[in-house]
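Taking the working numbering, the leading residue of the sequence shown gets -18, the next gets one more, and so forth.
These notes concern the structure reproduced below.
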Amino acid sequence: YWRGRGRCEPLRVVLACGGVRFVGNYLEKKADMDALKASGKLEYDQVPLVEADGLNLVQGTPTAVYLAQGCGLWPEMPKEQYICGHILAATQDARGPLVSFPFHLDEQRCLEELQSPKGLLGRF
């Protein structure tokens, strides 16, 4: 993944909270991403990718849940699972403008998205 706090950051947080040591491999240039795609490890040709338990985990939400379960951080009761999943989804929604900023670098757009009724500052 790139060296920012984008879509991989929640996965790093889960691993850190679970006491799991991990190595962050960062994509520095387009050729790195091309090589990763060519490796066949990326379902849907997307990152982040977490390699764990012989699996190539992609898609942030199911990966976060899988890692949290493996670390004993995910609750067993359905109601508690729902609450945790709800919080995870809300944080992903709230972080949206921040995660997309490096790809457009439009500060005004980012501020407007954050302050909108559906944005981090307008809703949360």
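Quick reminder that beta carbons are idealized off the backbone N, C-alpha and C, glycines included.
Worksheet item: Is it a yes or a no for the region -3 to 13 touching the region 50 to 70, going by three-plus beta-carbon pairs under 8 Å?
Response: yes
inquiry  = I'd like to know whether the C-beta atoms of L95 and P83 end up nearer to each other than 8 Å.
reply    = no
message: Measuring only the C-alpha atoms, how far is E179 from M58?
response: The first residue shown for the chain is -18 and the last is 105, placing residue 179 beyond what the model contains.
Using C-beta distances below 6 Å, list every residue in its chain close to E24, excluding the 5 sequence neighbours before and after it, in chain order. V39
Contact defined as beta carbons within less than 8 Å: I believe A45 pairs with V(-5). What is the distance between those atoms, to the nearest angstrom? 6 Å
| query | When the distance is taken between beta carbons, is L86 closer than 8 Å to T42? | reply | no
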